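Note that the UniProt record's numbering numbers the sequence shown so that position 837 is 837, with each residue one more than the last.
Step one of this worksheet: look at the structure below.
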Amino acid sequence: TSINGGANIITALGTIIKDSAFGHKQWRVREQILQWIVTCTKKITDFSLRPWVPYMVKLLEDPHEHVRETAKDTIVALFSGAASHAKSDLKRELQEQSIRLGIVDYILTKVYNNQTATNEEHHDNHTDAGTEVDEYDYVNGEGNDDNPKSADSIARPNSSTGSEIGVLYVDSAKELEREFQNILTPFQGKESEQNWLIRERNINRLRGLVRGEAYVNFKETFINGLKLTMDGILKSLNSLRTTLTLASAGLIKDLAVHLGPAIDPFADNILANLIKMVLSTKKIVARAASIAANALLQHVSYHNRLVTQLWNAMEDNNKQLREYAIGFVKTVLKSHENKKDVMERSGAADMLEKCVRKGLTDANPKVRETCREVFWSFYEIWTERGERILKNIEPAVKKQLERDKPKILNLASPVQPSTPTTSSRGRTRSTSFGKSKRPPSIATSDSGMSDNYPVRVESASKEDHSRLSAKTPTPKLRAKSPAPPKMSRSKSDASKSLKSPLLLPSKSTSPNATTVPKPQPRKLTVIEQLEHSEWTTRIEGILSVAQLVVKRTLEPPSGKPGAHDFKKALLPPDDDLSPHLLNILNDSNNKVLETFLEPNVFVELAKVVKHEILIPKVLLLASDETRPEQAAIVQNFLPRIKSELGSEKSLVALNKCLLILGSSGTAPRKLAAVFGFTPPQKRKVINGILNWFNEIIEPKVDEADQNDGKVKGFLGDLEKYKLLANRLIPMVTMTKENSENFKPLSDLLVNLYKINADVFEEVLYTFDKKTEDAIGEIIGWEDEEAESEVLEEDRQKILEEQERQREKEEFEKRLYEENLIKQQQIQLQELQKQKKEQLERKKRERELLQQREREKELERQQELALQRKLEQEVQLKIKREQERELQEQRERELQEQRERELQEQRERELQEQRERELQEQRERELQEQRELQEQRERALHEQERMLREREAEREREFQMKRERELQEKREYEIRMKRERELQEQLEYERERERELMEQKEYERTRKPSPLHRVQSLSLLQS
1 TSINGGANII
11 TALGTIIKDS
21 AFGHKQWRVR
31 EQILQWIVTC
41 TKKITDFSLR
51 PWVPYMVKLL
61 EDPHEHVRET
71 AKDTIVALFS
81 GAASHAKSDL
91 KRELQEQSIR
101 LGIVDYILTK
111 VYNNQTATNE
121 EHHDNHTDAG
131 TEVDEYDYVN
141 GEGNDDNPKS
151 ADSIARPNSS
161 TGSEIGVLYV
171 DSAKELEREF
181 QNILTPFQGK
191 ESEQNWLIRE
201 RNINRLRGLV
211 RGEAYVNFKE
221 TFINGLKLTM
231 DGILKSLNSL
241 RTTLTLASAG
251 LIKDLAVHLG
261 PAIDPFADNI
271 LANLIKMVLS
281 TKKIVARAAS
291 IAANALLQHV
301 SYHNRLVTQL
311 WNAMEDNNKQ
321 LREYAIGFVK
331 TVLKSHENKK
341 DVMERSGAAD
351 MLEKCVRKGL
361 TDANPKVRET
371 CREVFWSFYE
381 IWTERGERIL
391 KNIEPAVKKQ
401 LERDKPKILN
411 LASPVQPSTP
421 TTSSRGRTRS
431 TSFGKSKRPP
441 SIATSDSGMS
451 DNYPVRVESA
461 SKEDHSRLSA
471 KTPTPKLRAK
481 SPAPPKMSRS
491 KSDASKSLKS
501 PLLLPSKSTS
511 PNATTVPKPQ
521 PRKLTVIEQL
531 EHSEWTTRIE
541 GILSVAQLVV
551 KRTLEPPSGK
561 PGAHDFKKAL
571 LPPDDDLSPH
581 LLNILNDSNN
591 KVLETFLEPN
601 VFVELAKVVK
611 HEILIPKVLL
621 LASDETRPEQ
631 AAIVQNFLPR
641 IKSELGSEKS
651 LVALNKCLLI
661 LGSSGTAPRK
671 LAAVFGFTPP
681 QKRKVINGIL
691 NWFNEIIEPK
701 VDEADQNDGK
711 VKGFLGDLEK
721 YKLLANRLIP
731 MVTMTKENSE
741 NFKPLSDLLV
751 NLYKINADVF
761 EEVLYTFDKK
771 TEDAIGEIIG
781 WEDEEAESEV
791 LEEDRQKILE
801 EQERQREKEE
811 FEKRLYEENL
821 IKQQQIQLQE
831 LQKQKKEQLE
841 RKKRERELLQ
851 QREREKELER
861 QQELALQRKL
871 EQEVQLKIKR
881 EQERELQEQR
891 ERELQEQRER
901 ELQEQREREL
911 QEQRERELQE
921 QRERELQEQR
931 ELQEQRERAL
941 HEQERMLRER
951 EAEREREFQM
961 KRERELQEKR
971 EYEIRMKRER
981 ELQEQLEYER
991 ERERELMEQK
1001 EYERTRKPSP
1011 LHRVQSLSLL
1021 QS
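Following this line, the structure appears as structure tokens:
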């Protein structure tokens, strides 16, 4: 096809290829024709892809798995960068051929999100794209979860029928308008046996549009369409058919999660209908309505009307409605706790207080049990109101409330006896920090749902805690009273001790004084924790992610109706979370890196970040000479990480790493762009991968020797073995002998050859002579054996015979192709003859029909002529009667015209009156909106002012505390200095006394006695 005139050849053979190749009985032919189309699009500039699309789409449902996978990859590769109209044609063709929903979702997600990389270019086309099969985990038989996931499946909670809902993409606002028009049509009129199923399909189609982010791309058009369809959605919600009701409830939940405050105008009406559906006797319908209502209350903006509806529900006589309503109250308190001032001004706080009071004394025990949890949430926001409720309730109810009081509130408001402030300082500090010395673990860390939905996380099981706990250093404070206060504690630690209500000692000196708990600050989300400036917070974020990954796979969903589980959090989408986790590898704090590389934690994080992206980053860091400390840490943890991952998972991941890094010389551009490695960095990463391969495969060689060449797992699958060999063999010709990668590559190829020599040689013989010689030198094939078996002349003859045989086969192939073309031409001629005969038969049939119609027409004309004569005679008789009737009719028409004019005048007056009322109503609504906007602005200004005052107060407290510490330190130094001076003075006086004593003793010993003097004089006289 690369020669001139290739387009003409393709045009001539197009019909033959479409008729024979796409329906060929050999699956390899059907697979290779897809590769041929890809080659034509690259080599022929004027190649038209549109005529081939139906045939490629048809192969998506091919019986053979390889053909299906190749068809998917080919379509994704060809349409990833195509124009919008081409993508629309593809989408239309997928719908017309009724392709399975899972395949359609996969293709459209790849095409529209541009997540598909170009096909890997193999050396001399020796690697067949069709031989690549799905690489899965041989340990548990399940695929590695590396498929790209949509934002709908992770960032936001799935609906009850999420597995049946596809993702629909639209390319323009006009297409979105057409979709809404098609969706709206079945909702006109009453529900019937003929249209309810169509309504359900349209509801699911609208959910697909929501998940396809049509609202993000065409916001105004989507909202206008939603206004038109909202009545139909609510009709479906109130349907007697369970599946239609569940689909409508799922749609409302998706709208709330994806659109959020954009559906505020509909929130009041939607909530009223959901509360009505909660009364259903069908448990599944009531629960679906409850889930949708919780999602609505959580994501829409706060409004007083919503709380009013909840209070009305709490007053209802139906116990099931009250059971769910108290759960809705909890949702409002958790989701809109930052709107405390607005609730107080609008009176919603009073209604919520009445809801709590009524729930605590409700006749239904389930309502009372749930309301006890709601009360403490209410208590955290309005402490004074909560204390007032506690004073006015019965002792039995109060006792139950105290029993269910959360531990966080017990710690925040302790009862402390009065003690002297001078002696209790050290003990108070040591007590407040006593519980913080325990290292944080995954099972006790808090996490967030996503960037937009912060919630708390409940503790995991003991098994998870023991398996995933990590050690994190915590600051230690000395509590000895005579010691001076330390100034080495950082500002961040001080600020933490000031902000945390658990670490502050009570300032009250009365025996019964208790501290008033303040509202809890907003919990940090997972991403905010990972990006936090404090390294301890980043460690908590890492452990939170690992815990949530464990909970995502182990914990079943809560089955308690009406109780919205706020402690159960969901991770943000893997694609959003992966970059933040990869940034941890560049963290400047070694403790954070050690926590990330802890094997138990690393294995869980690898379920979020793809292995083929994470492993190269880790291997590069292990050999990074510019960061020796971090490299040493990675080298220390790497053997344990390898052991924790296991050999089979590692083989699959390393194989994918080679694919992304480009084992055949050039990496797929879109995948390689993820790393941005320089050539030296790429060589280091490949070196680490090859050494890792050798560590895994060397034990497999012994296993193959013991089991007669049979190996289990990844290398036991011939397709996987061939795929790995095809990726490693071309690297020999591209790796220099003096390169650091040549030795591990040679060892790896030798080990592969030892495991399965026959298959290795089969793959090797598909390469050129140069590659065969290079591999032969590495493996150590001896040329002497070949020379002893076959002489050079015999070999030459064999080669000539093979050449002749090849030429003969090519000649026979050409003859076969010519005969095939002739046969096809004959068949075409026969088909043309048959078509001509069919056309002639149809023409004759049409002529006969026309003749019969003409005869019938003549008969009808004769009958009409007779009828006209009879009518003329009758008309002459009744003409006079008609004239008289016409006169009477004119008079009646004049009278009716006068009446119509009067009626029209009355209608115009009514219309004008309605317009005036509508205008007044619009003005009132605009006025209310302005007032609401002003209230919001005032609330924001007030909140900003309070935040500034709090920040200034915190700064003043911190400054005062620091000054007190400095003052205490100075006083301590002065006191110690005075003690040292007094000590020196005392020592000096003792020294003087000692010297005086010695002097006196010396003088006493040197002074002569009187007897001695007399003797001396006598001696002198003598």
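A virtual CB, placed ideally from N, CA and C, is assigned to each residue, including glycine.
No experiment lies behind these values; they were computed from the predicted model shown.
C-alpha distance - Ser588 paired with Ile527, whole-angstrom precision:
Approximately 18 Å, taken between the alpha carbons.
Of all the options His258, His336, Glu703 and Asn583, which has the alpha carbon lying nearest to the alpha carbon of Asn756?
Across the set His258, His336, Glu703 and Asn583, the C-alpha of Glu703 shows the shortest separation from the C-alpha of Asn756.
What did DSSP end up calling Val634 once you bin it into helix, strand or coil?
In the structure shown, Val634 sits in a helix (DSSP, three-state: H, G or I).
Report buried or exposed for Ala289, applying the criterion of at least 16 other Cβ atoms within 10 angstroms of its Cβ.
The residue is buried, with at least 16 neighbouring Cβ atoms inside 10 Å.
Measuring alpha carbon to alpha carbon, tell me which of Arg916, Phe596, Gln827 and Val608 ends up nearest Leu548.
Nearest of Arg916, Phe596, Gln827 and Val608 to Leu548, Cα basis: Val608.
Using the rule of at least 16 other Cβ atoms within 10 Å of the residue's Cβ for burial, across every protein chain shown, is Asp574 buried or exposed?
Under this definition Asp574 is a buried residue.
Cα separation between Gln935 and Val342?
Whole-angstrom Cα-Cα distance: 8 Å.
Is the beta carbon of Thr245 sitting closer than 8 Å to the one on Leu237?
Closer than 8 Å, so yes.
Given Lys149, which residues of its chain have a CB within under 8 Å of its CB, disregarding the five upstream and five downstream residues?
Any reading at Lys149 must be qualified, since the residue scores a pLDDT of 35, below 50, and its modelled position is unreliable; the value itself is stated next. The answer, listed in chain order, is Pro573, Asp574 and Asp575.
To the nearest whole angstrom, what separates the beta carbons of Glu200 and Ala256, a pair I think is in contact under 8 Å?
Between Ala256 and Glu200 the Cβ distance is about 20 Å, and since that is not below 8 Å, they are no contact.
Roughly how many whole angstroms lie between the Cα atoms of Leu940 and Met946?
It is roughly 10 Å from the alpha-carbon of Leu940 to the alpha-carbon of Met946.
Is it the case that the Cβ atoms of Val285 and Glu323 are separated by a distance below 8 Å?
Val285 places its beta carbon 8 Å or farther from that of Glu323.
Hey, how far is the Cα of Gln824 from the Cα of Asp19?
Computed Cα separation, rounded: 10 Å.
Take Arg305 as the anchor and find which of Ala349, Glu984 and Glu998 has the nearest alpha-carbon.
Out of Ala349, Glu984 and Glu998, the CA that lies nearest to the CA of Arg305 is found in Ala349.
I'd like the span of the alpha helix (DSSP H) that includes Asn182, first residue to last.
In the DSSP annotation of this structure, the continuous segment of the alpha helix (DSSP H) that includes Asn182 starts and ends at Ala173 to Leu184.
Grouping DSSP H, G and I as helix and E and B as strand, with all else coil, what is Tyr1002?
Per DSSP, reduced to three states, the secondary structure at Tyr1002 is helical.
Test item: CB-CB of Leu581 and Leu530 under 8 Å
Taking 8 Å as the Cβ cut-off, Leu581 and Leu530 qualify as a contacting pair.
Residues in the same chain with beta-carbon distance under 6 Å from Leu168, minus the five sequence neighbours each way, listed in chain order, please.
So the qualifying residues of the chain are Gly208, Leu209 and Gly212.
DSSP three-state call for Pro819: helix, strand or coil?
Looking at the sequence shown, residue 819 is not Pro but Asn. Here Asn819 sits in helix by DSSP.
Cβ-Cβ separation, Trp692 to Ser746 (assumed contact under 8 Å), whole Å:
That pair is no contact at about 16 Å.
With Leu593 as the anchor, note down where its alpha helix (DSSP H) starts and where it stops.
Asn590 to Leu597 is the span of the alpha helix (DSSP H), which, as asked, contains Leu593.
With H, G and I counted as helix, E and B as strand and the rest as coil, what does DSSP make of Gln1021?
Reduced to three states, the DSSP call for Gln1021 is helix.
Specify, as a first and last residue, the run of the alpha helix (DSSP H) that Ala293 falls within.
It spans Lys283 to His299 - the alpha helix (DSSP H) in which Ala293 sits, taken as one unbroken run.
Counting Cβ pairs, one atom from each stretch, are 3 or more of them under 8 Å apart for the stretch 726-746 and the stretch 703-717?
A contact is defined here as three or more CB-CB pairs under 8 Å, and the stretch 726-746 fails this definition with respect to the stretch 703-717.
Could you spell out where the alpha helix (DSSP H) holding Ser647 opens and where it closes?
For Ser647, the enclosing alpha helix (DSSP H) stretches over residues Ser647 to Leu661.
How is Leu279 classed by DSSP in three states: helix, strand or coil?
It is coil, neither helix nor strand.
Taking the Cβ atom as the reference point for each residue, do Ile689 and Leu654 lie within a distance shorter than 8 Å?
Taking 8 Å as the Cβ cut-off, Ile689 and Leu654 qualify as a contacting pair.
Quick check: residue 1023 and Ala632, are their CB atoms within less than 8 Å of each other?
No answer is possible for residue 1023: the residues shown for the chain start at 1 and end at 1022.
So, under 8 Å CB-CB, Ile33 and Phe22 are touching, yes? Tell me the CB distance rounded to an integer number of Å.
Contact annotation, Ile33 with Phe22: C-beta distance approximately 6 Å; criterion of less than 8 Å satisfied.
May I ask you to report which of helix, strand or coil DSSP gives Glu971?
It is helical.
Please give the ranges of any alpha helix (DSSP H) in the stretch 364-410, keeping only runs that are unbroken, at least 4 residues long and fully inside the region.
For the stretch 364-410, the full-length alpha helix (DSSP H) segments reaching 4 residues or more read 365-381, 383-392 and 395-403 along the chain.
Inspect the beta-carbon positions of Trp376 and Pro406 and report whether they are closer than 8 Å.
Taking C-beta atoms as the reference points, Trp376 and Pro406 count as a pair closer than 8 Å.
Expressed to the nearest angstrom, what Euclidean distance is found between the alpha-carbon atoms of Arg1004 and Met997?
Here the C-alpha atom of Arg1004 lies approximately 11 Å from the C-alpha atom of Met997.
If you follow the alpha helix (DSSP H) that Val257 is in, where does it begin and where does it stop?
Run containing Val257: Thr242 to Leu259, per the alpha helix (DSSP H) assignment.
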